[in-house]
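Read through the structure below, which is laid out as structure tokens, and then see the notes.
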Amino acid sequence: GYKAFRNWALDLFREPRPFAVLGGYTGSGKTMLLAALEESGESVIDLEKLAGHKGSAFGNLGLPPQPGAEQVENNLALALLKTEQQRIEKGNTHIWLEDESRRIGNINLPEAFFSQLRAVPFVFLDIPFEVRLENVLKDYGRFSAEELSNPVNRIRRRLGDEYTRNALQFLEEGDTAGCFRILLRYYDKFYRNSSLSGERKVQHTEWDGRDIPGLLAQLKKYTG
């Protein structure tokens, strides 16, 4: 029954797996690169897709409401089982995932699973700021000033009053790029404090944000 399934799912999160984690500041194109890795034959799990949220304060824009926490856990367990089977069949060495905070929108990733992601070495993409800004504007530039101002106000306490005022002013003036210049610096600092702190083993990788085949070849070398 369902209770047995839940126990199986929770046990599954504790099993060690050969994860490879792809990290980088906001706008690095990590989700797009995961899709490219999968297309090239690698084994991939897209946590943001499972959680129905893109991870930042803006992560719910243009998306339906998130599924419940238990539903996400169930879907994650099934994805782990399926992807691990595919990995073995394909002869892949690792399962690729994006580096995430434990909380994605309203959902907390299972602790045992998240601890594993934090323990494995991860590849951090060093990408020029302007390229990242361009990527973020492609993702969020289509939303109205009103839609964008709500998430800005939600992070006011951490962003600080002055930066919040300036970001909202840019939105009011129709300068979405000016707003996201401020926000990217905030998210960069947040990411440094959460993902690049502690004793994680980080493989820094410079990328111009353009040459996808070249980067994929490099990523595959790390896990080869």
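According to my numbering, the sequence shown is numbered sequentially starting from 2. For each residue, glycine too, the CB sits at the ideal point set by N, CA and C. Treat the numbers as computed from the prediction; the structure is a model and nothing was measured.
Start and end residues, alpha helix (DSSP H) containing residue i
i: residue 132; result: 130–141
i: residue 59; result: No alpha helix (DSSP H) contains residue 59, which DSSP labels as neither H nor E.
i: residue 171; result: 162–173
i: residue 191; result: 177–195
i: residue 13; result: 3–15
Cβ distance (whole Å) where residue i is taken to contact residue j below 8 Å
i: residue 193; j: residue 117; result: Rounded, the Cβ-Cβ distance is 22 Å, inconsistent with contact.
i: residue 202; j: residue 122; result: 4 Å
i: residue 102; j: residue 195; result: 6 Å
i: residue 180; j: residue 171; result: 4 Å
i: residue 106; j: residue 61; result: 6 Å
i: residue 20; j: residue 98; result: 6 Å
In DSSP terms, what residue i is bridged to
i: residue 204; result: 124
i: residue 153; result: Partner(s): none; residue 153 has no beta bridge.
Whether residue i touches residue j by CB criterion (9 Å)
i: residue 100; j: residue 28; result: no
i: residue 168; j: residue 14; result: no
i: residue 160; j: residue 187; result: yes
i: residue 1; j: residue 126; result: Because the chain here runs from 2 to 225, residue 1 falls outside it and cannot be looked at.
i: residue 213; j: residue 70; result: no
i: residue 46; j: residue 84; result: yes
Bounding residues of the beta strand (DSSP E) (the contiguous stretch that carries residue i)
i: residue 42; result: That residue, residue 42, is in no beta strand (DSSP E); it is neither H nor E in DSSP.
i: residue 99; result: 96–99
i: residue 23; result: 20–25
message: Measuring CB atoms only, is the region 74–82 touching the region 35–52, in the sense that at least three cross pairs come out at less than 8 Å?
response: Using a Cβ-Cβ distance cut-off of 8 Å, the region 74–82 and the region 35–52 are in contact, since at least three pairs of beta carbons, one from each stretch, lie closer than that value.
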